[in-house]
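*Asks:*
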DNA sequence: TGTCTTTACGCTCATCGTAAGCATG
DNA sequence: CATGCTTACGATGAGCGTAAAGACA
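Residue numbers (this note's numbering), protein chains in the order written: chain A, 1 to 92; chain B, 1 to 92.
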């Protein structure tokens, strides 16, 4: 599992469509699809239902979405916080 | 930034020593050292002070340690939670 | 010289993108 | 056919480990 996988998952969950999510992430469909499959494999359960129009979250996916968003938000916070403490290069 | 980097950072912070942390992570020193350097580079600030005995956390590192532990804990929780919802293979 | 961390470097494995395959209406 | 996800496959890039190189007392 990687942060990239989580970002991919959230994008697909929001777009409900691998192709659109891929464009949003500046990626092509296949790697993004593989991210989702790898995640499902690692978690031991399906996160999406594959429909005619695209991808719809299953209950396990909904649960995981909350966690994923929270993790990504904390990663953001961590980076911004520490960057806020960083001495700028121009300060020496 | 990756989850692996966070795990490496926490291990080094706890062991205060790249060599020991590397053994704990079943890794050799160089890649682990590179993880820390990459993290410092990405965050734009030093996280450790290099001392004669090893590595000591700087203030920015202490702050980041809290965040890192929290993120890793949430990742764990996310995985366990969703795995708990997973239909087991033996259940069909 | 001894103890650590870091850099160099070759190799392996992971991951990307193009192209082809599969499923559905 | 049209649309959308997945698998195949060659090529690039990230990451490991061994070995060598700083840094410091």
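Glycine included, every Cβ here is placed at the ideal spot set by N, Cα and C.
(1) Any C-beta of chain B within less than 7 Å: which residues of the region 1-16 of chain A qualify?
(2) My output table needs one value for residue 58 of chain A: the three-state DSSP class, helix, strand or coil.
(3) Identify whether residue 24 of chain A lies in helix, strand or coil by the three-state DSSP scheme.
(4) Go through its chain and collect everything with a Cβ distance to residue 71 of chain A's Cβ below 7 Å, but skip five positions before and after it.
(5) Using C-beta distances below 6 Å, list every residue in its chain close to residue 92 of chain A, excluding the 5 sequence neighbours before and after it, in chain order.
(6) In chain order, what residues of the region 20-46 of chain A put their CB closer than 8 Å to some CB of chain B?
(7) Under a three-way DSSP split, which group does residue 50 of chain A fall into?
(8) Suppose you measure from the CA of residue 32 of chain B to the CA of residue 16 of chain A; what does that come to, to the nearest Å?
(9) Between residue 10 of chain B and the rest of its own chain, which residues show a CB-CB distance below 8 Å, the 5 nearest in sequence each way excluded?
(10) Give me the subset of the region 67-80 of chain A whose CB atoms are less than 9 Å from a CB atom of chain B, sorted by chain position.
*Replies:* This is what the structure holds:
(1) 1, 2, 3
(2) As a position in the first chain, residue 58 of chain A is number 58, starting the count at 1. It is coil, neither helix nor strand.
(3) Taking the first chain and counting its residues from 1, the one referred to as residue 24 of chain A is at position 24. Helix at residue 24 of chain A.
(4) Counting from 1 along the first chain, the entry for residue 71 of chain A is found at position 71. Closer than 7 Å at the Cβ level, and outside the excluded window around residue 71 of chain A, lie 6.
(5) Residue numbering aside, residue 92 of chain A sits at position 92 when the first chain is read from its first letter. Confidence is the limiting factor: at residue 92 of chain A the pLDDT is only 41, short of 50, which leaves the residue's position unreliable, though a coordinate-based value still follows. The answer is none, since no qualifying residue turns up.
(6) 42, 43, 44, 45
(7) In the first chain, counting from the first residue as 1, residue 50 of chain A sits at position 50. Residue 50 of chain A falls in the strand class under three-state DSSP.
(8) Residue mapping note: residue 32 of chain B aligns to position 32 of the second chain, counting from 1. Residue mapping note: residue 16 of chain A aligns to position 16 of the first chain, counting from 1. Their Cα atoms are separated by approximately 38 Å.
(9) Within the second chain, numbered from 1, the residue matching residue 10 of chain B stands at position 10. The answer, listed in chain order, is 65, 68, 69, 72.
(10) 67, 68, 70, 71, 74, 75, 77, 78, 79
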